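Notes to accompany the following structure.
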Ligand SMILES: [Fe+2]
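Residue numbers (this note's numbering): 419 to 836.
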């Protein structure tokens with residue numbers, strides 16, 4: 419059998435009779451052999467094309483993991499899930515290491531396990547460390563993985579582990595597991611290595627992004643400290659507003675994560691004041707209309723500072739809206755009612771209350787009873803009536819239980835301009 423002049427096989431024919439295989443028969447057999455050769459080549463090409471398409475689709479699928487999230491834990495989870503489903507294996511796991519000291523930074527498996535964070539590779543994870551140092555893929559039985567085996571699904575019998583060196587002093591291992599005994603094929607190992615290198619690329623991007631974001635956050639933290647140093651009346655204000663806003667959120671039934679987000683927004687709500695001149699910001703007397711206009715720029719300045727951080731986009735918007743009023747008379751955009759983010763409406767109540775009870779050089783802080791009256795008066799105007807009602811209830815409850823004239827977390831000597 420020939421294909422493009424190359425012999426790819428042979429057909430043997432025989433006869434049970436004494437009939438001689440003549441030239442006509444040989445011609446027919448030759449023709450049939452060529453047709454069979456063509457069919458075999460077509461089947462091979464189809465198989466190869468199908469495998470190539472599957473490989474390409476798996477590669478695309480792993481690359482897409484980089485689009486779903488930029489958190490390290492989220493990325494590891496996506497990779498573990500996607501490697502397991504694309505390779506059609508029973509289990510997959512990925513561990514991220516700090517490569518110099520072998521410390522596990524994070525890990526995720528397709529069955530949801532994640533409990534080795536902070537563990538050193540030298541402590542019971544010698545096999546994995548060895549794979550990482552030698553830089554070669556290995557196939558082994560689960561039992562040879564010592565302490566790590568308890569983190570692998572119990573029915574898994576054989577494991578293949580690929581080591582990958584990442585930039586920025588990081589490394590990772592990607593593993594797959596089968597419940598059936600027996601080894602992995604060369605093609606499976608090749609595909610695992612290919613998908614792992616693609617996954618590593620997405621992971622490196624996430625690591626880089628998180629480092630950049632962390633450095634930006636550190637800068638913002640420094641800015642908040644700089645404002646506090648610049649304006650002694652702001653000192654502690656942001657933290658007190660953050661605590662109050664978080665308490666309101668929790669009382670209103672928001673989940674812990676969202677309440678924590680409100681706390682962070684509270685810490686950052688006045689970050690834009692870094693862009694306000696000290697003469698205006700620290701003026702110990704009432705502001706002129708022009709000076710007040712300058713102060714009113716701080717939500718926009720805060721928005722511009724926070725906006726470049728992708729995971730802070732919602733916080734930037736909350737900061738922008740924290741001086742909006744429920745009746746539309748606030749600034750900078752004059753937003754109305756529920757068009758204003760819930761988080762910003764909560765911050766507005768906490769911020770105003772904290773400012774009211776604080777003393778300034780030009781006025782004394784209001785007693786809590788008086789501040790409660792002001793919040794009640796502003797319900798539906800300056801404040802969301804529902805949030806104002808709940809906050810007043812919280813203050814009254816606190817007064818009742820503590821029988822004190824001062825609420826928790828709010829020192830009476832703190833002074834602030836909201
Ligand atoms: Fe403010």
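C-beta: ideal position from N, C-alpha, C; glycine also.
What you are looking at is a predicted structure, and each value in this text was computed from that prediction instead of being measured.
Quick one, which of the options has its alpha-carbon nearest residue i's?
| i | options | result |
| --- | --- | --- |
| residue 634 | 683, 428, 691 and 727 | 727 |
| residue 773 | 792, 760 and 759 | 792 |
| residue 692 | 671, 756 and 717 | 717 |
| residue 645 | 685, 627, 622 and 611 | 685 |
| residue 734 | 723, 743, 742 and 744 | 723 |
| residue 802 | 444, 660 and 770 | 770 |
| residue 579 | 586, 788, 544 and 555 | 555 |
| residue 606 | 622, 632 and 557 | 557 |
| residue 741 | 690, 775, 636 and 550 | 690 |
| residue 456 | 421, 604 and 797 | 421 |
| residue 720 | 452, 679 and 642 | 642 |
| residue 394 | 753, 780 and 486 | With the chain covering only 419 through 836, there is no way to say anything about residue 394. |
| residue 549 | 527, 659, 445 and 515 | 515 |
| residue 688 | 672, 679 and 699 | 699 |
| residue 553 | 603, 452, 590 and 669 | 590 |
| residue 444 | 434, 430 and 435 | 430 |
| residue 678 | 697, 695 and 657 | 657 |
| residue 561 | 595, 756, 649 and 438 | 595 |
| residue 714 | 813, 671, 629 and 694 | 694 |
| residue 750 | 441, 760 and 710 | 710 |
| residue 582 | 604, 662 and 611 | 611 |
| residue 609 | 509, 504 and 730 | 504 |
| residue 806 | 757, 743, 819 and 747 | 743 |
| residue 614 | 462, 628 and 479 | 479 |
| residue 576 | 813, 626, 460 and 597 | 597 |
| residue 523 | 588, 465 and 506 | 588 |
Would residue i be called buried (16 or more neighbouring beta carbons within 10 Å of its own) or exposed?
| i | result |
| --- | --- |
| residue 472 | exposed |
| residue 654 | buried |
| residue 525 | buried |
| residue 599 | exposed |
| residue 739 | buried |
| residue 827 | Reliability of the predicted coordinates at residue 827 is poor, the pLDDT of 48 falling under 50, and no value is obtained from them. |
| residue 425 | exposed |
| residue 545 | buried |
| residue 419 | buried |
| residue 574 | buried |
| residue 847 | With the chain running from 419 to 836 in the structure shown, residue 847 is simply not present. |
| residue 439 | exposed |
| residue 665 | buried |
| residue 673 | exposed |
Flag residue i as yes when its Cβ comes closer than 7 Å to any non-hydrogen atom of ligand 1, and as no otherwise.
| i | result |
| --- | --- |
| residue 732 | no |
| residue 711 | no |
| residue 655 | no |
| residue 649 | no |
| residue 587 | no |
| residue 769 | yes |
| residue 802 | no |
| residue 745 | no |
| residue 754 | no |
| residue 688 | yes |
What do you reckon, is the C-beta of residue i under 7 Å from a heavy atom of ligand 2?
| i | result |
| --- | --- |
| residue 716 | This structure simply doesn't include ligand 2; it includes ligand 1 instead. |
Please look up how many angstroms separate the CB atoms of residue i and residue j, rounded, as I've assumed it's under 8 Å.
| i | j | result |
| --- | --- | --- |
| residue 775 | residue 817 | 13 Å between Cβ atoms; not a contact. |
| residue 667 | residue 764 | 6 Å |
| residue 584 | residue 622 | 5 Å |
| residue 593 | residue 493 | With 8 Å as the limit, residue 593 and residue 493 do not qualify as a contact, their Cβ atoms being about 16 Å apart. |
| residue 483 | residue 617 | 7 Å |
| residue 804 | residue 729 | At roughly 29 Å, the Cβ-Cβ gap does not stay under 8 Å, so residue 804 and residue 729 are not in contact. |
| residue 659 | residue 808 | Actually they are not in contact, since the Cβ atoms of residue 659 and residue 808 sit about 16 Å apart, beyond 8 Å. |
| residue 528 | residue 511 | 7 Å |
| residue 481 | residue 620 | 7 Å |
| residue 683 | residue 737 | 6 Å |
Report the residue ranges of all alpha helix (DSSP H) runs contained in full by the region 474–529; include only those spanning at least 4 residues, in chain order.
490–504
Counting only runs of 4+ residues fully inside the region 785–827, write out the alpha helix (DSSP H) ranges in chain order.
786–796 and 803–820
Enumerate, from N- to C-terminal direction, the unbroken alpha helix (DSSP H) stretches of 4 or more residues contained entirely within the region 745–784.
760–775
Residue ranges of each beta strand (DSSP E) within the region 547–612, 3 or longer
556–559, 576–584 and 588–596
Taking only runs that begin and end inside the region 652–738, name each unbroken beta strand (DSSP E) of 3 or more residues, in chain order.
none
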